[in-house]
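Numbering (our numbering), first residue to last: 361 to 485.
Glycine included, C-beta positions come from ideal geometry on N, C-alpha and C.
Right, one structure below, let's go through it.
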Amino acid sequence: MKDLVLVMAGGAIGSGLRYVIGTLIPVASGAFPVPTFIVNVVGSFVLGCTAGATMLPDPLSRSAALLVGTGLCGGFTTYSAFAMENVSMLHGGNTILAISYIAASLIGGMLAAFAGIAVVRATAS
């Protein structure tokens, strides 16, 4: 039960943060979806940091990993919005923009996750 509460609390915080970013950064119809890109890349970095912290000699606790990794990052990042934004761009004839967004999101997310792990390892040594 404690694990579920931690995940739910983190998810509430992450979802709230995603909402705030979405309201602070408006996106014109058919434009590059900057808010979703930001939350997914930042979320990948935070999840990378969390994963890296669980690999340390004195690892991050399971509870903290559930709160931050599963909860906060799960609520903060959004695959469904990413998918729908791409469908919308493709239906609107913005094929190049959709392909660019897909590539930037996948590459940016992976690089951010690697960077998160690297930052934790570098600061721990």
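{"Check": "In this structure, how does DSSP classify Leu471 when only helix, strand and coil are distinguished?", "Outcome": "helix"}
{"Check": "My understanding is that Thr410 touches Ala388, with C-beta atoms under 8 Å, so please give their C-beta distance in whole angstroms.", "Outcome": "34 Å between Cβ atoms; not a contact."}
{"Check": "Given a threshold of 16 other Cβ atoms within 10 Å of its Cβ, counted over all protein chains shown, does Thr438 qualify as buried or as exposed?", "Outcome": "buried"}
{"Check": "What separation, rounded to the nearest whole angstrom, lies between the Cα atoms of Thr396 and Ala472?", "Outcome": "15 Å"}
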